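Asks:
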Amino acid sequence: MRRFSRRWFLWMKAAIWRGLMAIGMKFHHLADPKPPSPNFKILVPSRLSAAGGQFKLVFYVPESYYTDTDEEYRYPVVVNFHGGGFTLGTGTDDARWASAVLKNVDAIFVSVEYRLAPEFPFSIGVEDGTDALLYLAAHAEELRIDPHRMALSGFSAGGNFAFTVPLMLRDLQNDAGRRSLHDTANTHPLHNYKSSSNLSLPRPTLTRTSSAATSTQSILKLSDLEPTALEVDQKIPDITLRAIISFYPPTDFRSTRAEKRSTNPVPEKNLPPFLTNLFDESYMPGCNIDFSDPYLSPAAATDADLAAAYPEDIVLYTCEYDMLNVEGTAFGTRLSSKPIEKTLHGGLIRAVPHAFDKKPNPLHFPEAANKCYNEACAQLKRVFGGRVSIEERTQLDEVEVVDRFDEEEAAAGRRIAKGKERQREEDTDGLLKGPDIYDPNFKKYLDVPKR
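All letters in the sequence shown, in the order written, are residues -22 to -1, 1 to 429 by mature numbering (1 follows the signal peptide of the UniProt record, and there is no 0).
(1) If I measure Cβ to Cβ from THR187 and keep anything under 8 Å in the same chain, skipping five residues before and after, which residues do I get?
(2) Just checking: is the beta-carbon of ALA346 within a distance shorter than 8 Å of some beta-carbon in chain C?
(3) Return yes when the Cβ of PRO215 is within less than 8 Å of the Cβ of LEU112, no when it is not.
(4) Rounded to whole angstroms, what's the CA-CA distance from SER270 to ASP109? Just pull it up for me.
(5) Is DSSP giving PRO331 helix, strand or coil here?
(6) Residues in its own chain within less than 6 Å of PRO228 by CB, not counting five upstream and five downstream?
(7) Only counting runs of 4 or more residues, tell me where the alpha helix (DSSP H) segments fall wholly within the stretch 89 to 125, in order along the chain.
(8) Could you tell me whether the Cβ atoms of PHE59 and ALA140 are closer together than 8 Å?
(9) So, helix, strand or coil for GLN32, using DSSP?
(10) When DSSP labels each residue in this structure, what does HIS6 get in the three-state scheme?
(11) Look up HIS323 in the DSSP assignment and give the residues it is bridged to.
(12) Rounded to a whole number of angstroms, what is the C-alpha to C-alpha distance between PRO340 and ASP10?
(13) Given 8 Å as the limit, is there contact between the stretch 78 to 87 and the stretch 271 to 279, that is, 3 or more CB pairs closer than that?
(14) So, at 6 Å on beta carbons, what are the nonlocal neighbours of LEU94 in its own chain, with the 5 sequence-adjacent residues on each side left out?
(15) Tell me which residue opens and which closes the alpha helix (DSSP H) that TYR273 is part of.
(16) What is the C-beta distance between ILE346 and VAL330, in whole angstroms, given that I count them as a contact (C-beta under 8 Å)?
(17) Are the Cβ atoms of residue 441 and ILE327 separated by less than 8 Å?
(18) Looking at the unbroken alpha helix (DSSP H) that takes in PHE225, where does it start and where does it end?
(19) By a C-beta neighbour count over all protein chains shown, 10 Å radius and 16 as the cutoff for buried, is HIS6 buried or exposed?
(20) Apply the 10 Å Cβ neighbour rule to THR218 and answer buried if 16 or more other Cβ atoms are within range, or exposed otherwise.
(21) Which residues in the same chain have their Cβ closer than 7 Å to the Cβ of GLU209, if we skip the five residues on either side of it in sequence?
(22) Between which residues of its own chain and THR254 is the CB-CB distance below 6 Å, once the five residues before and five after are set aside?
(23) Name the residue from SER(-18), ARG(-16), GLY107 and MET3 whose alpha carbon lies nearest to the alpha carbon of PRO338.
(24) CA-CA distance, PHE133 and THR311?
(25) Just grab the DSSP bridge partners of MET128 for me.
(26) Going along the chain, which residues of its own chain have a beta-carbon closer than 6 Å to the beta-carbon of GLY136, five neighbours each way excluded?
(27) Check for me: the alpha helix (DSSP H) holding LYS349 runs from which residue to which?
(28) So for VAL22, helix, strand or coil by DSSP?
(29) Contact check, LEU114 vs VAL55 under 8 Å by CB: the rounded distance?
(30) For ILE86, write down the residues that DSSP places opposite it in a beta bridge.
(31) ASN242: which of ASP300, ALA279 and ALA207 sits nearest, CA to CA?
(32) Can you tell me whether LYS320 is buried or exposed? The criterion is at least 16 other CB atoms within 10 Å of its CB, across all chains shown.
(33) Cutting at 7 Å between CB atoms, please list the residues of its own chain near GLY103, excluding the five before and the five after it.
(34) Might you give, ordered along the chain, the residues of its own chain that have their beta carbon closer than 6 Å to the beta carbon of GLY324, omitting 5 neighbours on each side?
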């Protein structure tokens, strides 16, 4: 009874904060340029979680999705996970990031509205994220998706999912036994939920004309999207991840909140304890959580697993005034070093706190966030095989030579994780050596004039 009361109290607090965050995001979306609304949503069955149920995928598609006459073309897709401490947020929170992807990459953007704690604690969110990839790949033909040009992105808690979902996906592909697909033939939500206008998608087999086709003229009702043979036969579809883009993620829950907080050079910029306590108690309840589980702490995964599960290109951003900066930097350093040796892009964003790009400011969207989004889009365009402009190529060439993740940073992160005390000046000086993407020295590639 006491445990039930505790969980009920957590749910009440989460509900209040969800309402407040929804108000904040409305203000955030008022700033010009205003982000787009989703084109459609799809209800997806849970096949990995023992809890069963369903969750939504929120689709943003480029204009050409409705007008392209090439019926054989398959779009690359960015699968995104919103932030909110695993407890708050919705699939539309990252609409500005979606807008940048649509504009600069010409890819489909799918935001996973994974189920939230405390109602759905660890590891249901990771399972929903993996289910989303399986569903999109299984329905690739109907949705005009190229399952071999997929990328993952995420913010904060969603940035954690961007690193943990590939680990679960690889375990499924290798039949490691940690998770297995459940039969949903008799409980498929497509058979049990009434179709509606906002749960619809373009019919890929309809003839399109560049002047006449619109989302209302070319739709496939949700009830028509039946389970595929791959789903019925419980098979894992072929999926190729091209990139991971992670913004200020938590990567290692083996260190305590107190240890994390001690690494921030401006402690007052940390998220308040009443929020982080809500997040931790909601997502990781009780004493039975293994903080070394790679599905929770990707930094706890073996080098071999990280090398095998992750794509070659990883874009990782950390914030200077964030308790997650040191562990994120250490993880990035490890990924770029032997024996993993992934290609790391991104880096430290100077003088900004956690979630700096999600401020509820109706008048202004941070320029630092725009630059960050544009750089990430340039990397996406490159890995997807799109044509890269002179400006973008200049940007990418400069990014490649920036040493943003080195062994000294990793050593600093490990010392902090073990709780050894250091002076605050040493903490901040050791985080990143050399210039970063918002250093004035990099104006030459961040502000390249249009040609």
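Idealized CB from N, CA, C, for every residue including glycine.
Computed from a predicted model, the values in this text were never measured in an experiment.
Replies: Reading off the structure:
(1) Counted from its first residue, the sequence shown places residue 187 at position 209. Low per-residue confidence applies at THR187: pLDDT is 36, beneath 50, and the placement is therefore not dependable, though the value from the model is reported in the following sentence. Cβ neighbours of THR187 beyond the five flanking positions: THR45 and THR47.
(2) Checking the listed chains, one finds no chain C in this structure; it contains a single protein chain.
(3) For the purposes of this step, residue 112 is taken as the residue at position 134 of the sequence shown. For the purposes of this step, residue 215 is taken as the residue at position 237 of the sequence shown. Contact: yes.
(4) In the sequence shown, residue 270 corresponds to position 292, counting from 1. In the sequence shown, residue 109 corresponds to position 131, counting from 1. Taking the straight line joining both Cα atoms gives about 23 Å.
(5) Start at 1 with the first residue of the sequence shown, and residue 331 comes out as number 353. If DSSP states are grouped into helix, strand and coil, PRO331 belongs with the strands.
(6) As a first step, residue 228 is located in the sequence shown; it is residue number 250 there, counting from the start. ASN138 and LEU302, listed in sequence order.
(7) 102 to 116 and 118 to 121
(8) Here residue 59 is taken as the residue at index 81 of the sequence shown, counted from 1. Here residue 140 is taken as the residue at index 162 of the sequence shown, counted from 1. Yes, they are a contact pair.
(9) Along the sequence shown, read from residue 1 onward, the residue named residue 32 stands at position 54. It is a strand residue.
(10) Numbered from its first residue, the sequence shown carries residue 6 at position 28. Helix at HIS6.
(11) Residue mapping note: residue 323 aligns to position 345 of the sequence shown, counting from 1. Answer is VAL293.
(12) For the purposes of this step, residue 340 is identified with residue 362 of the sequence shown, where counting begins at 1. For the purposes of this step, residue 10 is identified with residue 32 of the sequence shown, where counting begins at 1. When rounded, the distance between both Cα atoms is 8 Å.
(13) no
(14) By 1-based counting over the sequence shown, the position of residue 94 is 116. Here the set comprises THR65.
(15) As a working note, residue 273 is residue 295 in the sequence shown. Note, TYR273: premise wrong, no alpha helix (DSSP H); not H, not E.
(16) Along the sequence shown, read from residue 1 onward, the residue named residue 346 stands at position 368. Along the sequence shown, read from residue 1 onward, the residue named residue 330 stands at position 352. Sequence inspection shows Ala at residue 346; the Ile mentioned does not correspond to that position. Indeed, because the Cβ distance is near 6 Å, the residues count as touching under 8 Å.
(17) Absent from the structure is residue 441, since the part of the chain shown begins at -22 and ends at 429.
(18) By 1-based counting over the sequence shown, the position of residue 225 is 247. Counting along the chain, PHE225 falls outside any alpha helix (DSSP H), though it belongs to the beta strand (DSSP E) covering 219 to 225.
(19) By one-based count along the sequence shown, residue 6 stands at place 28. The residue in question, HIS6, is buried, as its Cβ has 16 or more Cβ neighbours within 10 Å.
(20) By one-based count along the sequence shown, residue 218 stands at place 240. Exposed, by the Cβ-count rule.
(21) Within the sequence shown, residue 209 is the residue found at index 231, counting from 1. ALA116.
(22) Position 276 of the sequence shown, counted from the first residue, corresponds to residue 254. Taken in chain order, the residues that qualify are ARG235.
(23) Mapped onto the sequence shown, residue 338 falls at position 360. Out of SER(-18), ARG(-16), GLY107 and MET3, MET3 has the C-alpha closest to the C-alpha of PRO338.
(24) Position 155 of the sequence shown holds residue 133. Position 333 of the sequence shown holds residue 311. When rounded, the distance between both Cα atoms is 19 Å.
(25) In the sequence shown, residue 128 corresponds to position 150, counting from 1. DSSP, once it has assigned bridges, lists VAL55 and LEU219 as partnering MET128.
(26) Your numbering for residue 136 matches position 158 in the sequence shown. Excluding residues within five positions, the ones whose Cβ falls inside 6 Å are PHE59, HIS60 and GLY61.
(27) Residue numbering aside, residue 349 sits at position 371 when the sequence shown is read from its first letter. Per DSSP, LYS349 belongs to the alpha helix (DSSP H) from 345 to 362.
(28) For this step, residue 22 is matched to residue 44 along the sequence shown. The answer is strand: DSSP assigns VAL22 an E or B state.
(29) Counting from 1 along the sequence shown, the entry for residue 114 is found at position 136. Counting from 1 along the sequence shown, the entry for residue 55 is found at position 77. With a Cβ gap of about 6 Å, LEU114 and VAL55 count as contacting.
(30) Your numbering for residue 86 matches position 108 in the sequence shown. VAL55.
(31) Locating residue 242 in the sequence shown gives position 264, where the first residue counts as 1. Nearest option by C-alpha distance: ASP300.
(32) On the sequence shown, residue 320 is found 342 positions in, with the first residue counted as 1. By the 10 Å Cβ count, LYS320 comes out buried.
(33) Counting from 1 along the sequence shown, the entry for residue 103 is found at position 125. Hits under 7 Å: PHE64, TYR92, ARG93 and PHE139.
(34) Translated into the one-based positions of the sequence shown, residue 324 becomes position 346. Correct list, in chain order: VAL293, LEU294 and TYR295.
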